[in-house]
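Protein chains in written order, with this note's numbering: chain A, 7 to 121; chain B, 15 to 125.
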Amino acid sequence: DTGVSQDPRHKITKRGQNVTFRCDPISEHNRLYWYRQTLGQGPEFLTYFQNEAQLEKSRLLSDRFSAERPKGSFSTLEIQRTEQGDSAMYLCASSSLAGAGNEQFFGPGTRLTVL
Amino acid sequence: GNSVTQMEGPVTLSEEAFLTINCTYTATGYPSLFWYVQYPGEGLQLLLKATKADDKGSNKGFEATYRKETTSFHLEKGSVQVSDSAVYFCALKNTGNQFYFGTGTSLTVIP
């Protein structure tokens, strides 16, 4: 399977703990996105990488959130000192550089539950 | 700013019924418009797209026409099947790299 993969698929943690999620994009895709999706809502943009450079971050992204894409391939999203409000599905997507209407390919998501 | 408004669900239809899911948008400039679908237990998949005014996107019997005059991109299908049961998301992408999604519309098709 050559689609976007995410690990883990599910994470349960206690409030105050740190968590890290991994995303492996489609191999030839330069762009990588992180979204958060809560129940009954559409995906909400968090941040975006082009190759290894983090080019955009949502103003909604708390300082407790950090994302990296060190070699321009896989990416990690870390949440420090988790809060119950962080419980959500975290989605990763990738796309190729070319094309005005370029499609984003989504991974299956990591469901985070903060107790 | 950029935003997408979808009709609220859930929508329940009988097999072979006609489907319309309304989507309107607010954007500066000339965005590209998309419909994504999320089947139970799966990730979001692109259903169709349109990149300029009056374009019609189509796939799997679904269609949507980019209407700049009404800022709309309504999703239609002439005859739905049970296998179309899913959540449908309207989205736009503007000159930046962010996608803006609607809240999603859940569709259930009953035999």
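Cβ coordinates follow ideal geometry from the N, Cα and C atoms, glycine included.
The model shown is predicted, which means the values in this text are computed figures rather than measured ones.
- Scanning chain A for C-beta atoms nearer than 8 Å to the C-beta of Glu56 (chain B) yields Pro114, reported in chain order.
- Contacts with chain A at 8 Å (Cβ-Cβ) do not include Phe87 (chain B).
- DSSP places Gly116 (chain B) outside both helix and strand once states are collapsed to three, so it counts as coil.
- Here Gln56 (chain A) has Asn36, Arg37 as same chain residues with Cβ atoms under 7 Å from its own Cβ, once five neighbours each way along the sequence are excluded.
- Counting C-beta pairs closer than 8 Å gives three or more between the region 91-109 of chain B and the region 29-36 of chain B, which meets the contact rule.
- In the three-state scheme derived from DSSP, where H, G and I count as helix and E and B as strand, Val96 (chain B) is classed as helix.
- Close CB contacts of Tyr39 (chain A) within its chain, under the 6 Å cut and outside five residues either way in sequence, are with Tyr54, Ala99 (chain order).
- Excluding its 5 nearest sequence neighbours in each direction, Ala105 (chain B) has C-beta neighbours in its own chain below 8 Å: Val18, Leu47, Phe48, Trp49, Tyr50, Phe113, Tyr114, Phe115, Gly116, listed in chain order.
- Judged by DSSP in its simplified three-state form, Gly71 (chain B) adopts strand.
- Under the Cβ distance rule, Gln110 (chain A) counts among the residues neighbouring chain B, one pair being separated by less than 8 Å.
- In terms of CA proximity to Ser102 (chain A), A:Glu34 leads the group A:Glu74, A:Ala59, A:Glu34, A:Gly78.
- C-alpha of Leu89 (chain B) to C-alpha of Gly22 (chain A): approximately 43 Å in a straight line.
- Leaving aside the five residues that flank Glu77 (chain B) on each side, the residues in its chain whose CB is nearer than 8 Å to its CB run, in chain order, Leu62, Lys70, Gly71, Leu89, Glu90, Lys91.
- Of all residues in the region 100-125 of chain B, the ones placed with a Cβ closer than 8 Å to any Cβ belonging to chain A are Phe103, Ala105, Lys107, Gly110, Asn111, Gln112, Phe113, Tyr114, Phe115, Gly116, Thr117, Gly118, in chain order.
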